[in-house]
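Asks: Mind having a look at this structure? Questions to follow.
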Amino acid sequence: MWKYNLVEDMKDPSKLLFADHQIAILRDAYPKAERHFLVLPKENISSLASLKKGNVELLKHMDLKGREIAERYGEGRTFRLGYHVEPSMERLHLHVISDDMNSPSLKRIRHWNKFTTPLFMDSQRVIEDLEKRGKIQFPSEQEIELFLNAPLKCHKCSCILKDMRSLKCHLQKHLYSV
42 MWKYNLVEDM
52 KDPSKLLFAD
62 HQIAILRDAY
72 PKAERHFLVL
82 PKENISSLAS
92 LKKGNVELLK
102 HMDLKGREIA
112 ERYGEGRTFR
122 LGYHVEPSME
132 RLHLHVISDD
142 MNSPSLKRIR
152 HWNKFTTPLF
162 MDSQRVIEDL
172 EKRGKIQFPS
182 EQEIELFLNA
192 PLKCHKCSCI
202 LKDMRSLKCH
212 LQKHLYSV
């Protein structure tokens, strides 16, 4: 089943950019930006909801290695590191994504909103929540639906756009402006 593809990809050495005894890093098969990597724990942690305070050191390691991969392969790009509130794939995974959001795989409003609203939880915030509260504060189901169906808003300038085509044209202005 496709939901488990990340777990299978972790077993394929040809797909790994980095691996150690705790984590594996690979390129996202359907990147939503010019550079998009995934950091996965080798421990079977299904999602953010499964995390406990005892996982903080693992998350810090994932964040550190994600930043190193961004530096190594990013070619000077700015990156965001975070987790989806409601991931579509099995196994917890940290997204390390360049902020250009320029990709043919970025096709749906819901894809966009999963990366540009509070549905994308910053890695440092997740770590801080676990350290301070012992758990992560999630949006309510109602808030999740509102974020998923929110209007398309540019993550750089907050301009509201009518559809994905308009958004992609608009994003080109940010890519090529100095």
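To convert, take the position in the sequence shown, counting from 1, and add 41; that gives this note's numbering.
Beta carbons: idealized from backbone N, C-alpha and C, even for Gly.
1) Secondary structure at ILE110, three-state DSSP: helix, strand or coil?
2) Apart from the five residues on each side of it in sequence, which residues of its chain come closer than 6 Å, Cβ to Cβ, to ILE86?
3) Only counting the same chain, and skipping five residues up and downstream in sequence, which positions put a Cβ closer than 8 Å to that of ILE110?
4) Decide yes or no for the touch test of the stretch 159-169 against the stretch 115-129: beta carbon pairs closer than 8 Å, at least 3 of them.
5) What are the boundary residues of the alpha helix (DSSP H) that includes LEU189?
6) Take the Cβ of SER139 as the centre, count every other Cβ of all protein chains shown within 10 Å, and call the residue buried at 16 or more, exposed below.
7) Is the stretch 182-193 in contact with the stretch 146-165, if contact means three or more CB pairs nearer than 8 Å?
8) If contacts are defined as beta-carbon pairs under 8 Å, then ARG118 and ASP141 qualify, I think. What distance do you get, rounded to the angstrom?
9) If we call anything under 8 Å between Cβ atoms a contact, is LEU160 one with ILE185?
10) Where does the unbroken alpha helix (DSSP H) through LEU171 begin, and where does it stop?
11) Can you pull the DSSP bridge partners for SER139?
12) Compare the Cα-Cα distances from ARG68 to each of HIS62, GLU84 and ASN46 and report the closest residue.
13) Kindly indicate which three-state DSSP category ALA70 falls into: helix, strand or coil?
14) Does DSSP classify PHE59 as helix, strand or coil?
15) Would you mind stating whether LYS44 and ASP50 have Cβ atoms separated by less than 8 Å?
16) Can you tell which of LYS101, ILE64 and ILE150 has the C-alpha that lies nearest to the C-alpha of LYS83?
17) If you draw a straight line from the alpha carbon of TYR114 to that of ALA74, how long is it in whole angstroms?
Replies: Based on what the coordinates show:
1) Here the question's residue 110 lines up with position 69 in the sequence shown. Note: ILE110 maps to helix in three-state DSSP.
2) Counted from its first residue, the sequence shown places residue 86 at position 45. The residues LEU133, in chain order, have a CB closer than 6 Å to that of ILE86 in the same chain once the five nearest residues on each side in sequence are set aside.
3) Against the sequence shown, residue 110 aligns to sequence position 69. LEU58, PHE59, ILE66, PHE78, VAL80 and VAL137.
4) Counting C-beta pairs with one atom in each stretch, the stretch 159-169 and the stretch 115-129 have three or more that are closer than 8 Å, which means they touch.
5) The count along the sequence shown starts at 1 and reaches residue 189 at position 148. From DSSP, the alpha helix (DSSP H) with LEU189 extends over 182-189.
6) Against the sequence shown, residue 139 aligns to sequence position 98. Counting Cβ neighbours within 10 Å, SER139 comes out buried, since at least 16 surround it.
7) Below 8 Å, enough C-beta pairs join the stretch 182-193 and the stretch 146-165 to call them touching: three or more.
8) Within the sequence shown, numbered from 1, the residue matching residue 118 stands at position 77. Within the sequence shown, numbered from 1, the residue matching residue 141 stands at position 100. Yes, ARG118 and ASP141 are in contact; Cβ-Cβ is about 7 Å, under 8 Å.
9) If you number the sequence shown from 1, residue 160 lands on position 119. If you number the sequence shown from 1, residue 185 lands on position 144. In contact: LEU160 and ILE185 (Cβ atoms closer than 8 Å).
10) For the purposes of this step, residue 171 is taken as residue 130 along the sequence shown, with counting starting at 1. In the DSSP assignment, LEU171 falls within the alpha helix (DSSP H) that extends over 164-174.
11) The sequence position of residue 139 within the sequence shown is 98, counting from 1. DSSP output for SER139 lists PHE120 as bridge partner(s).
12) In the sequence shown, counting from the first residue as 1, residue 68 sits at position 27. Considering only alpha carbons, the answer is ASN46.
13) Mapped onto the sequence shown, residue 70 falls at position 29. Reduced to three states, the DSSP call for ALA70 is coil.
14) Taking the first residue of the sequence shown as 1, we reach residue 59 at position 18. In the structure shown, the three-state DSSP call for PHE59 is strand.
15) Working through the sequence shown from its first residue, we reach residue 44 at position 3. Working through the sequence shown from its first residue, we reach residue 50 at position 9. No.
16) Here residue 83 refers to the residue found at position 42 when the sequence shown is read from its first residue. Nearest of LYS101, ILE64 and ILE150 to LYS83, Cα basis: ILE64.
17) In the sequence shown, residue 114 corresponds to position 73, counting from 1. In the sequence shown, residue 74 corresponds to position 33, counting from 1. Each residue's Cα considered, the two are about 13 Å apart.
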